[in-house]
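Below: one structure, written as structure tokens.
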Amino acid sequence: MSASGKGPAYCVRTERTVIRCWNPSDAVLLKEAIDSSLGHLRPWMPWAEQEPTEVEAKVELLRSFRGRFDLGQDFTYGIFDPDEKRVLGGTGLHTRIGQGALEIGYWIRADCINRGLATEVAAGLTRVAFEVNQVNRVEIHCDPSNVRSAAVPRKLGFTHEATLPQRVPGHSGELRDDMIWTLLRSEYPESPAARCSIEAYDAIGARII
Numbered sequence: 008m009s010a011s012g013k014g015p016a017y018c019v020r021t022e023r024t025v026i027r028c029w030n031p032s033d034a035v036l037l038k039e040a041i042d043s044s045l046g047h048l049r050p051w052m053p054w055a056e057q058e059p060t061e062v063e064a065k066v067e068l069l070r071s072f073r074g075r076f077d078l079g080q081d082f083t084y085g086i087f088d089p090d091e092k093r094v095l096g097g098t099g100l101h102t103r104i105g106q107g108a109l110e111i112g113y114w115i116r117a118d119c120i121n122r123g124l125a126t127e128v129a130a131g132l133t134r135v136a137f138e139v140n141q142v143n144r145v146e147i148h149c150d151p152s153n154v155r156s157a158a159v160p161r162k163l164g165f166t167h168e169a170t171l172p173q174r175v176p177g178h179s180g181e182l183r184d185d186m187i188w189t190l191l192r193s194e195y196p197e198s199p200a201a202r203c204s205i206e207a208y209d210a211i212g213a214r215i216i
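Numbering (the numbering used here), first residue to last: 8 to 216.
Spelled out as structure tokens, the structure:
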């Protein structure tokens, strides 16, 4: 529950996407999106090294995502097309960086990259983080070599705070550098993210943004 008592946001609509909490019934759509994008995902997403996995494994994964979401422990979302018939990627507002802050993560399926979808999604979740979850800080982390990913926070007004060497596990157990981008509550109102047009809804479908 957010400090404002309005959240969390279970569904967020942007101009071209629906961002919502996963349901186990999304397993087939998720598998198709990942399996069709493995060559694109593996250089940047360590979890993609374990793919492909069966639908049954996806069901269990999505059950765990939904359970943590409902308990307010972590907020992992799917990115869908407006009809919610195709998974365009995945994203989240993650609690792993400590109290009063959320980290936005994202991936986009291979045949939808270079369309600005990651920027659109990250902008929408930045609004949710500040306006619904009422955090003081939002971060985006990425590999410095991932030029597309690093462009997203830059466009949204985040500050490149640091690049930490050999900080996160990569492929085959090696450690990779971690680029950290930050947007503070005091900076948010003047950021491009604040101008993103979204609709956000709570667990019973009531609009909260």
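Where is the CB? At the ideal position from N, CA and C, for every residue including glycine. Just so we're clear, the structure is a prediction, and the values are computed from it rather than from any experiment.
- Counted as a single uninterrupted DSSP element, the alpha helix (DSSP H) harbouring R155 occupies residues V154 to K162.
- In the three-state scheme derived from DSSP, where H, G and I count as helix and E and B as strand, R134 is classed as helix.
- Going by C-alpha positions, D77 is about 23 Å away from I147.
- Closest option to Y208, judged by alpha-carbon separation, among P31, E91, V135 and L48: V135.
- Taking the Cα positions, I104 is about 23 Å away from V154.
- Counting C-beta atoms within 10 angstroms of its own C-beta, L182 has fewer than 16 neighbours from the protein chains shown and is therefore classed as exposed.
- The residues R27, C28, Y208, D209 and A210, in chain order, have a CB closer than 7 Å to that of Y17 in the same chain once the five nearest residues on each side in sequence are set aside.
- In the three-state reduction of the DSSP assignment, T126 falls in the helix class, which pools H, G and I.
- Beta-bridge analysis with DSSP links W188 to I147 and H167.
- Unbroken alpha helix (DSSP H) runs of no fewer than 4 residues, entirely contained in the region 48-109, are found at 62-77, following chain order.
- Just measuring C-alpha positions, the residue of V145, L190 and S32 sitting nearest G164 is L190.
- The C-alpha of S32 lies about 34 Å from the C-alpha of M186.
- Listed in chain order, the non-local C-beta contacts of E206 below 8 Å within the same chain comprise V19, R20, R214 and I216, local neighbours out to five positions each way being set aside.
- By a beta-carbon distance limit of 8 Å, L48 does not contact V94. Their separation comes to about 13 Å.
- Using a 10 angstroms sphere on the CB of N140, the tally of other CB atoms reaches 16 or more, which defines it as buried.
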